[in-house]
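Undergrad: In this note's numbering, the protein residues as written are 71 to 515.
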Ligand SMILES: C[S@@+](CC[C@H](N)C(=O)[O-])C[C@H]1O[C@@H](n2cnc3c(N)ncnc32)[C@H](O)[C@@H]1O
Ligand code: SF4
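1. What did DSSP end up calling residue 345 once you bin it into helix, strand or coil?
2. According to the neighbour-count rule (16 or more other Cβ atoms, all chains shown, within 10 Å of its Cβ), is residue 218 buried or exposed?
3. Between the region 349-358 and the region 329-337, can you find at least three pairs of beta-carbon atoms closer than 8 Å?
4. With DSSP collapsed to three states, give me the class of residue 442.
5. Mapping the DSSP letters down to three states, classify residue 338 as helix, strand or coil.
6. With DSSP collapsed to three states, give me the class of residue 400.
7. Could you check which residue in 113, 453, 131 has the C-alpha nearest to that of residue 403?
8. Taking the alpha helix (DSSP H) that residue 153 falls in, what are its first and last residues?
9. Could you tell me if residue 307 is buried or exposed, where buried requires 16 or more neighbouring beta carbons within 10 angstroms of its beta carbon?
10. In chain order, what residues of the same chain have a beta carbon less than 8 Å from the beta carbon of residue 299, not counting five sequence neighbours either side?
11. Measuring CB to CB, does residue 228 end up less than 8 Å from residue 187?
12. Using a Cβ distance threshold of 8 Å, determine whether the region 314-327 contacts the region 378-393, with at least three qualifying pairs required.
13. Restricting to Cα atoms, I'd like to know which of 371, 313, 424 is closest to residue 347.
14. Report, in whole angstroms, the separation of the C-beta atoms of residue 255 and residue 484, which I expect to be a contact under 8 Å.
15. Taking 7 Å as the limit between beta carbons, can you name the residues of its chain near residue 376, skipping five residues before and five after?
16. Mind reading off the beta-carbon distance from residue 36 to residue 408? Whole number of angstroms is fine, and I expect it under 8 Å.
17. Measuring straight from C-alpha to C-alpha, what distance separates residue 165 and residue 365?
18. Assuming residue 287 and residue 249 make a contact with CB atoms under 8 Å, what is their CB distance in whole Å?
19. For residue 334, verify whether its CB is less than 7 Å away from any heavy atom of ligand 1.
20. Nearer than 7 Å: is that true of the beta carbon of residue 310 relative to any heavy atom of ligand 1?
21. Return yes when the C-beta of residue 405 is under 7 Å from any heavy atom of ligand 1, and no when it is not.
22. Alpha helix (DSSP H) containing residue 469: first to last residue?
23. Quick one: what does DSSP say residue 102 is sitting in, helix, strand or coil?
24. DSSP on residue 212, reduced to helix/strand/coil?
25. What are the boundary residues of the alpha helix (DSSP H) that residue 75 is part of?
26. Could you name each continuous alpha helix (DSSP H) segment of 4 residues or more that falls completely within the region 153-189, going from the start of the chain to the end?
27. Among the candidates 329, 397, 380, 172, whose CA atom is the shortest distance from the CA of residue 358?
28. Would you please state the rounded distance, in angstroms, between the beta carbons of residue 104 and residue 93? I believe it to be under 8 Å.
29. Should the region 202-217 be called in touch with the region 230-247, which here means at least 3 C-beta pairs below 8 Å?
30. Going by other Cβ atoms of all chains shown within 10 Å of its Cβ, with 16 needed for buried, is residue 470 buried or exposed?
31. One question on the structure: do residue 127 and residue 111 come within less than 8 Å of each other, judged by their Cβ atoms?
32. Say the cut is 7 Å; is the CB of residue 233 nearer than that to a heavy atom of ligand 2?
33. Between which two residues does the beta strand (DSSP E) harbouring residue 460 extend?
34. Just to check, is the beta-carbon of residue 358 closer than 7 Å to a non-hydrogen atom of ligand 1?
35. I'd like the ranges of any beta strand (DSSP E) spanning at least 3 consecutive residues and lying wholly in the region 366-424.
36. Going by C-alpha distance, which of 152, 207, 136 is nearest residue 465?
Okay, structure coming up:
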């Protein structure tokens with residue numbers, strides 16, 4: 071258990087997140103207690119871990135940034151004294167380390183940036199170099215990103231079955247509910263007042279599993295969006311579950327200019343997949359070839375590292391198989407155990423030793439000419455948390471970059487969809503539709 075006591079709520083939360091990412095096993099086992107007291111600029115920090123304790127006292131005048139100083143001091147103490155401590159990304163525990171790093175890379179040359187990231191945030195040089203690669207790949211993607219551009223996200227919260235690891239707000243496909251949902255989605259899109267003159271930079275229909283809708287229902291949504299906003303440069307429709315595919319569906323998507331789709335194995339280990347309440351991947355390569363022959367420019371494949379009944383070898387072998395098949399995008403997630411997923415509710419714990427696995431996957435991907443072009447970290451993952459999008463040169467996804475780096479406007483439609491509007495200074499205002507499907511539908515009756 072991890073406990074933190076501090077007068078200010080922000081400080082308490084920030085230090086808790088820090089300890090949680092540095093000692094993930096202590097969420098379930100062992101005792102960590104951190105207490106911060108201060109009188110004006112003098113701080114007393116007491117850290118107790120199992121039977122060891124440490125007191126740190128220091129003077130600091132910038133109370134808004136004191137959380138960084140406490141983390142730096144604790145980090146240095148951990149480096150000297152702790153073995154089971156995760157050094158990755160230094161004192162950063164947020165979702166988007168690339169955002170902070172990119173600001174630094176855009177101002178200073180790489181070597182100087184690495185030094186700043188080490189001195190101020192304790193980021194190991196290997197992580198800084200990886201962040202720089204992502205920054206460099208985004209900068210050289212050939213895309214011009216602008217706070218005047220906008221992108222569209224449409225959420226389809228239906229799936230053919232519920233996968234055991236998934237905590238997303240999705241429902242099992244039901245014809246009547248889906249049909250009500252599509253009607254409401256269409257009325258939400260129609261009533262949106264569009265102030266943008268230009269076409270969208272990208273459109274992304276995700277979920278859930280958009281391809282679980284009837285082809286004619288999905289077609290209505292696509293047609294309306296294109297009529298209202300115009301043709302985008304990149305148009306993604308997630309078709310993650312191959313048990314929802316048909317040639318008719320792919321033909322329809324092609325007809326409307328969809329140029330990026332996802333076919334997601336998660337793992338090529340059939341034993342693993344069966345136990346997750348997902349369908350077999352034996353037909354996935356055939357579907358990949360059908361879609362490729364139809365001319366979809368980019369096909370993405372999602373994987374999750376750390377699923378039950380996997381080990382380092384089986385994970386690497388799945389990734390090697392994907393590389394052999396050769397989609398333009400491969401996205402590697404690390405398993406997160408979250409409320410709302412069957413695995414979490416059953417108390418699943420992953421005790422495998424995954425040290426070095428991420429390093430190996432990075433080497434394997436880059437050795438096969440897949441370049442990392444976006445990444446984010448999540449809480450509650452079973453190993454050092456990183457979700458990384460890889461792409462062959464020239465195939466980075468516009469939507470994934472703008473969504474992760476928060477550099478363009480996003481208009482979200484559907485239950486749980488979030489919209490982000492940027493102001494003159496690049497700050498954004500977020501607006502989120504209710505995640506609850508029933509509430510979303512009822513609100514429009
Ligand atoms: C929003 S889901 C939609 C995917 C699609 N419905 C499918 O099942 O293929 C996007 C991706 O998030 C990843 N994902 C979902 N749950 C996860 C979890 N608990 N931990 C890590 N990654 C997860 C999976 O790789 C999944 O393909
Ligand atoms: S992983 Fe995909 S198909 Fe499975 S429940 Fe989650 S969103 Fe649905």
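Just so you know, even glycine gets a beta-carbon here, dropped at the ideal spot from N, CA and C.
Values in this document were obtained by computation on a predicted structure and should not be read as measured data.
TA: Taking the structure as given:
1. Counting from one through the chain shown, the residue named residue 345 turns up at place 275. Three-state DSSP puts residue 345 in coil, outside helix and strand.
2. Start at 1 with the first residue of the chain shown, and residue 218 comes out as number 148. By the neighbour-count rule (16 or more Cβ atoms within 10 Å), residue 218 is not buried but exposed.
3. yes
4. By one-based count along the chain shown, residue 442 stands at place 372. If DSSP states are grouped into helix, strand and coil, residue 442 belongs with the strands.
5. Residue numbering aside, residue 338 sits at position 268 when the chain shown is read from its first letter. In the structure shown, residue 338 sits in coil (DSSP, three-state: anything other than H, G, I, E or B).
6. Working through the chain shown from its first residue, we reach residue 400 at position 330. In the structure shown, residue 400 sits in a strand (DSSP, three-state: E or B).
7. The residue given as residue 403 occupies position 333 in the chain shown. Of the candidates 113, 453, 131, the residue whose Cα lies closest to the Cα of residue 403 is 453.
8. Numbered from its first residue, the chain shown carries residue 153 at position 83. Taken as a continuous stretch (DSSP letters only), residue 153 belongs to no alpha helix (DSSP H), as it is neither H nor E.
9. Here residue 307 corresponds to residue number 237 of the chain shown, with the count starting at 1. When all chains shown are included, residue 307 counts as buried.
10. By 1-based counting over the chain shown, the position of residue 299 is 229. Correct list, in chain order: 222, 264, 266, 269, 270, 273.
11. Translated into positions along the chain shown, residue 228 becomes position 158. Translated into positions along the chain shown, residue 187 becomes position 117. Against a cut-off of 8 Å, the Cβ pair of residue 187 and residue 228 comes out as no contact.
12. no
13. As a working note, residue 347 is residue 277 in the chain shown. For residue 347, the nearest C-alpha among the options comes from 313.
14. Position 185 of the chain shown, counted from the first residue, corresponds to residue 255. Position 414 of the chain shown, counted from the first residue, corresponds to residue 484. Going by Cβ atoms, the distance from residue 255 to residue 484 rounds to 5 Å, so yes, they are a contact pair.
15. Walking along the chain shown from the start, residue 376 turns up at place 306. Excluding sequence neighbours, residue 376 sits near 404, 405, 420, 424, 452, 453.
16. A query on residue 36 cannot be resolved here, the shown segment of the chain reaching from 71 to 515 and no further.
17. To locate residue 165, count along the chain shown from 1; it is residue 95. To locate residue 365, count along the chain shown from 1; it is residue 295. Looking at the two C-alpha atoms, the distance is approximately 35 Å.
18. Reading the chain shown from its first residue, position 217 is the one you call residue 287. Reading the chain shown from its first residue, position 179 is the one you call residue 249. Yes, residue 287 and residue 249 are in contact; Cβ-Cβ is about 7 Å, under 8 Å.
19. Position 264 of the chain shown holds residue 334. Indeed, a heavy atom of ligand 1 lies less than 7 Å from the Cβ.
20. Residue numbering aside, residue 310 sits at position 240 when the chain shown is read from its first letter. Yes, the beta carbon of residue 310 sits closer than 7 Å to at least one heavy atom of ligand 1.
21. As a working note, residue 405 is residue 335 in the chain shown. Yes - ligand 1 has a heavy atom lying nearer than 7 Å to the Cβ of residue 405.
22. Translated into the one-based positions of the chain shown, residue 469 becomes position 399. Run containing residue 469: 468-475, per the alpha helix (DSSP H) assignment.
23. In the chain shown, residue 102 corresponds to position 32, counting from 1. Residue 102: strand per DSSP, three-state reduction.
24. Position 142 of the chain shown holds residue 212. It is coil, neither helix nor strand.
25. Taking the chain shown and counting its residues from 1, one reaches residue 75 at position 5. Note, residue 75: premise wrong, no alpha helix (DSSP H); beta strand (DSSP E) at 72-75.
26. 167-177
27. Residue 358 sits at position 288 when you count from the first residue of the chain shown. That would be 397, whose Cα lies nearest to the Cα of residue 358.
28. By one-based count along the chain shown, residue 104 stands at place 34. By one-based count along the chain shown, residue 93 stands at place 23. Wrong, their Cβ atoms sit about 11 Å apart, outside the cutoff.
29. no
30. Position 400 of the chain shown holds residue 470. That one is buried.
31. For this step, residue 127 is matched to residue 57 along the chain shown. For this step, residue 111 is matched to residue 41 along the chain shown. Not closer than 8 Å, so no.
32. The residue you call residue 233 lines up with position 163 of the chain shown. Look at residue 233: its beta carbon is less than 7 Å from one of the heavy atoms in ligand 2.
33. Along the chain shown, one-based indexing puts residue 460 at 390. Run containing residue 460: 457-461, per the beta strand (DSSP E) assignment.
34. Indexing the chain shown from 1 puts residue 358 at position 288. Residue 358: no, Cβ never under 7 Å from ligand 1.
35. 368-375, 399-404
36. Here residue 465 refers to the residue found at position 395 when the chain shown is read from its first residue. Minimum Cα distance to residue 465 is reached at 207.
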